[in-house]
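>
In the working numbering, the protein residues as written are 1 to 178.
Right under this line is the structure:
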(Lines of atoms letter the chains of each structure in order from A and count residues from 1; the text may use other names and numbers.)
(Lines give C-alpha, C1' and ligand atoms only; values in the text may rest on other atoms or scores of the structure.)
Protein backbone atom coordinates (compact mmCIF):
# COMPACT_ATOMS: atom_id res chain seq x y z
CA UNK A 1 0.00 0.00 0.00
CA UNK A 2 1.26 3.47 -0.87
CA UNK A 3 2.25 5.84 1.91
CA UNK A 4 -0.27 8.51 2.82
CA UNK A 5 0.62 12.09 1.92
CA UNK A 6 -0.64 15.38 3.34
CA UNK A 7 -1.95 17.56 0.51
CA UNK A 8 -3.22 21.12 0.16
CA UNK A 9 -5.84 22.03 -2.42
CA UNK A 10 -6.96 25.53 -3.39
CA UNK A 11 -10.49 26.00 -4.72
CA UNK A 12 -12.18 28.98 -6.29
CA UNK A 13 -15.23 29.91 -8.37
CA UNK A 14 -16.87 33.07 -9.66
CA UNK A 15 -19.54 32.00 -12.18
CA UNK A 16 -22.97 30.47 -11.60
CA UNK A 17 -23.41 29.65 -7.90
CA UNK A 18 -19.80 29.85 -6.65
CA UNK A 19 -20.56 28.81 -3.06
CA UNK A 20 -22.79 25.93 -4.16
CA UNK A 21 -20.20 24.75 -6.67
CA UNK A 22 -17.44 24.87 -4.07
CA UNK A 23 -19.63 22.94 -1.63
CA UNK A 24 -20.37 20.29 -4.26
CA UNK A 25 -16.69 20.08 -5.28
CA UNK A 26 -15.57 19.50 -1.69
CA UNK A 27 -18.21 16.79 -1.25
CA UNK A 28 -17.06 15.09 -4.47
CA UNK A 29 -13.41 15.28 -3.39
CA UNK A 30 -14.26 13.82 0.02
CA UNK A 31 -15.19 10.56 -1.76
CA UNK A 32 -11.56 9.96 -2.81
CA UNK A 33 -9.39 11.90 -0.34
CA UNK A 34 -9.55 12.25 3.46
CA UNK A 35 -10.30 15.93 4.03
CA UNK A 36 -9.50 17.02 7.56
CA UNK A 37 -9.43 20.84 7.44
CA UNK A 38 -11.40 23.33 5.33
CA UNK A 39 -10.79 27.06 5.58
CA UNK A 40 -13.49 29.67 5.69
CA UNK A 41 -14.75 31.01 2.39
CA UNK A 42 -12.97 34.16 1.23
CA UNK A 43 -14.37 36.66 -1.26
CA UNK A 44 -11.47 37.89 -3.38
CA UNK A 45 -10.90 40.26 -6.25
CA UNK A 46 -9.78 38.64 -9.51
CA UNK A 47 -6.08 38.47 -10.38
CA UNK A 48 -4.90 38.97 -13.96
CA UNK A 49 -8.07 39.46 -16.01
CA UNK A 50 -9.87 41.93 -13.73
CA UNK A 51 -13.14 42.50 -15.66
CA UNK A 52 -15.06 39.67 -13.99
CA UNK A 53 -16.97 38.97 -10.77
CA UNK A 54 -15.19 38.47 -7.45
CA UNK A 55 -14.17 34.90 -6.61
CA UNK A 56 -15.02 32.78 -3.61
CA UNK A 57 -11.94 30.82 -2.51
CA UNK A 58 -10.91 28.32 0.13
CA UNK A 59 -8.05 25.96 0.93
CA UNK A 60 -8.44 22.45 2.25
CA UNK A 61 -5.99 20.03 3.80
CA UNK A 62 -6.37 16.30 3.20
CA UNK A 63 -4.56 13.00 3.23
CA UNK A 64 -4.34 10.60 0.32
CA UNK A 65 -2.51 7.54 -0.95
CA UNK A 66 -3.00 8.69 -4.54
CA UNK A 67 0.09 9.82 -6.46
CA UNK A 68 0.30 13.56 -7.28
CA UNK A 69 -0.70 12.96 -10.91
CA UNK A 70 -3.72 10.93 -9.80
CA UNK A 71 -4.79 13.74 -7.44
CA UNK A 72 -4.49 16.21 -10.33
CA UNK A 73 -6.64 13.93 -12.50
CA UNK A 74 -9.26 13.80 -9.73
CA UNK A 75 -9.27 17.61 -9.46
CA UNK A 76 -9.69 17.99 -13.21
CA UNK A 77 -12.50 15.42 -13.25
CA UNK A 78 -14.39 17.35 -10.55
CA UNK A 79 -13.83 20.61 -12.46
CA UNK A 80 -15.22 19.03 -15.63
CA UNK A 81 -18.21 17.53 -13.80
CA UNK A 82 -19.07 21.01 -12.50
CA UNK A 83 -18.85 22.69 -15.90
CA UNK A 84 -15.30 24.08 -15.98
CA UNK A 85 -14.38 25.39 -19.42
CA UNK A 86 -10.82 26.50 -20.14
CA UNK A 87 -11.00 29.58 -22.36
CA UNK A 88 -8.06 31.86 -21.50
CA UNK A 89 -5.66 32.46 -18.61
CA UNK A 90 -7.35 33.89 -15.50
CA UNK A 91 -10.79 33.67 -17.13
CA UNK A 92 -13.99 33.57 -15.08
CA UNK A 93 -14.84 29.99 -14.14
CA UNK A 94 -17.40 27.78 -12.48
CA UNK A 95 -14.64 25.99 -10.56
CA UNK A 96 -10.87 26.04 -10.26
CA UNK A 97 -9.08 23.37 -8.23
CA UNK A 98 -5.32 23.54 -7.73
CA UNK A 99 -3.04 21.02 -6.07
CA UNK A 100 -0.98 23.46 -4.02
CA UNK A 101 1.31 21.01 -2.23
CA UNK A 102 1.80 17.27 -1.90
CA UNK A 103 3.77 16.55 1.26
CA UNK A 104 7.39 17.58 0.74
CA UNK A 105 7.33 16.68 -2.96
CA UNK A 106 9.06 19.09 -5.32
CA UNK A 107 8.44 18.38 -8.99
CA UNK A 108 8.32 20.23 -12.30
CA UNK A 109 6.73 18.37 -15.20
CA UNK A 110 4.71 19.68 -18.15
CA UNK A 111 1.52 18.56 -16.37
CA UNK A 112 2.25 19.47 -12.75
CA UNK A 113 4.53 21.76 -10.73
CA UNK A 114 4.75 21.23 -6.97
CA UNK A 115 4.51 23.14 -4.84
CA UNK A 116 2.23 25.41 -6.87
CA UNK A 117 4.58 28.00 -8.42
CA UNK A 118 2.47 31.10 -7.58
CA UNK A 119 0.85 30.14 -4.28
CA UNK A 120 3.16 32.44 -2.31
CA UNK A 121 2.02 35.41 -4.45
CA UNK A 122 -1.74 34.92 -4.02
CA UNK A 123 -3.71 36.35 -1.14
CA UNK A 124 -6.61 34.07 -2.08
CA UNK A 125 -4.33 31.13 -1.24
CA UNK A 126 -2.31 32.55 1.65
CA UNK A 127 -5.16 33.88 3.80
CA UNK A 128 -7.14 30.61 3.89
CA UNK A 129 -3.92 28.58 4.16
CA UNK A 130 -2.81 30.55 7.22
CA UNK A 131 -6.24 29.95 8.75
CA UNK A 132 -5.96 26.14 8.55
CA UNK A 133 -2.19 25.51 8.53
CA UNK A 134 -0.21 28.57 9.69
CA UNK A 135 2.91 26.50 10.39
CA UNK A 136 2.87 24.61 7.06
CA UNK A 137 6.34 25.05 5.59
CA UNK A 138 6.93 25.66 1.87
CA UNK A 139 9.25 22.82 0.77
CA UNK A 140 11.31 25.07 -1.54
CA UNK A 141 11.30 28.48 0.14
CA UNK A 142 11.44 27.12 3.68
CA UNK A 143 8.99 29.70 5.06
CA UNK A 144 5.81 28.92 6.97
CA UNK A 145 2.44 29.92 5.54
CA UNK A 146 2.26 32.70 8.15
CA UNK A 147 5.71 33.99 7.11
CA UNK A 148 4.79 33.87 3.42
CA UNK A 149 1.69 35.98 4.09
CA UNK A 150 3.54 38.51 6.25
CA UNK A 151 6.32 38.88 3.64
CA UNK A 152 4.03 39.08 0.60
CA UNK A 153 3.98 42.35 -1.29
CA UNK A 154 0.69 44.01 -2.25
CA UNK A 155 -1.94 41.33 -2.62
CA UNK A 156 -5.44 41.39 -4.04
CA UNK A 157 -8.41 42.23 -1.78
CA UNK A 158 -9.36 39.24 0.38
CA UNK A 159 -12.35 39.26 2.76
CA UNK A 160 -13.53 36.39 4.95
CA UNK A 161 -17.07 35.47 3.88
CA UNK A 162 -18.15 32.72 6.30
CA UNK A 163 -18.11 28.94 6.44
CA UNK A 164 -18.71 26.57 3.53
CA UNK A 165 -20.61 24.08 5.72
CA UNK A 166 -22.78 24.80 8.74
CA UNK A 167 -22.08 23.27 12.15
CA UNK A 168 -23.17 19.65 12.30
CA UNK A 169 -22.28 18.86 8.68
CA UNK A 170 -19.67 16.05 8.48
CA UNK A 171 -17.26 18.38 6.64
CA UNK A 172 -17.85 21.38 8.92
CA UNK A 173 -14.89 22.52 11.02
CA UNK A 174 -14.83 21.20 14.56
CA UNK A 175 -15.65 23.79 17.21
CA UNK A 176 -12.62 25.34 18.91
CA UNK A 177 -11.40 23.34 21.88
CA UNK A 178 -10.93 24.78 25.36
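The beta-carbon is built from N, C-alpha and C at its ideal position, and this holds for glycine as well.
#1: Between the C-alpha atoms of residue 82 and residue 15, what's the straight-line distance to the nearest angstrom?
#2: Count the other CB atoms, across all protein chains shown, that sit within 10 Å of the CB of residue 79; report buried if there are 16 or more and exposed otherwise.
#3: Check each candidate in 104, 12, 2 and 30 and name the one with the smallest Cα separation from residue 94.
#4: Use the C-beta contact count for residue 113: other C-beta atoms within 10 angstroms, 16 or more gives buried, fewer gives exposed.
#5: Assuming residue 152 contacts residue 133 (C-beta within less than 8 Å), just tell me the rounded distance between them.
#6: Taking just the CA atoms, how far does residue 45 sit from residue 101?
#7: Where does residue 127 land, buried or exposed, given buried means 16+ other C-beta within 10 angstroms?
#8: The beta strand (DSSP E) with residue 118 in it runs from where to where?
#9: If you follow the alpha helix (DSSP H) that residue 79 is part of, which residue opens it and which one closes it?
#10: Short check: CB of residue 36 to CB of residue 5, under 8 Å?
#11: How far does the beta strand (DSSP E) with residue 158 in it reach, from first residue to last?
#12: State the CB to CB distance for the pair residue 56 and residue 115, rounded to an integer number of angstroms; the pair is presumed to be in contact (CB under 8 Å).
#13: Using the Cα positions of residue 147 and residue 7, report the straight-line distance between them to the nearest angstrom.
So, from the data block:
#1: Walking along the chain shown from the start, residue 82 turns up at place 82. Walking along the chain shown from the start, residue 15 turns up at place 15. So the alpha carbons of these two residues sit roughly 11 Å apart.
#2: Mapped onto the chain shown, residue 79 falls at position 79. Result: buried.
#3: Taking the chain shown and counting its residues from 1, the one referred to as residue 94 is at position 94. With distances taken between Cα atoms, residue 94 lies closest to 12.
#4: The residue given as residue 113 occupies position 113 in the chain shown. So residue 113 ends up on the exposed side.
#5: Within the chain shown, the letter at position 152 stands for residue 152. Within the chain shown, the letter at position 133 stands for residue 133. Not really, about 16 Å apart at Cβ, beyond 8 Å.
#6: Here the question's residue 101 lines up with position 101 in the chain shown. Here the question's residue 45 lines up with position 45 in the chain shown. Cα to Cα, residue 101 sits roughly 23 Å from residue 45.
#7: Along the chain shown, read from residue 1 onward, the residue named residue 127 stands at position 127. Label assigned to residue 127: buried.
#8: By 1-based counting over the chain shown, the position of residue 118 is 118. Unbroken run through residue 118: none, as it is neither H nor E.
#9: Taking the chain shown and counting its residues from 1, the one referred to as residue 79 is at position 79. According to the DSSP assignment, residue 79 belongs to the alpha helix (DSSP H) that extends over 68-81.
#10: The residue labelled residue 36 in the question sits at position 36 within the chain shown. The residue labelled residue 5 in the question sits at position 5 within the chain shown. Against a cut-off of 8 Å, the Cβ pair of residue 5 and residue 36 comes out as no contact.
#11: In the chain shown, the residue the question calls residue 158 occupies position 158. From DSSP, the beta strand (DSSP E) with residue 158 extends over 158-162.
#12: Looking up residue 56 in the chain shown gives position 56. Looking up residue 115 in the chain shown gives position 115. Contact flag wrong, Cβ pair sits at about 23 Å.
#13: Residue numbering aside, residue 147 sits at position 147 when the chain shown is read from its first letter. Residue numbering aside, residue 7 sits at position 7 when the chain shown is read from its first letter. Answer to the nearest angstrom: the Cα atoms are 19 Å apart.
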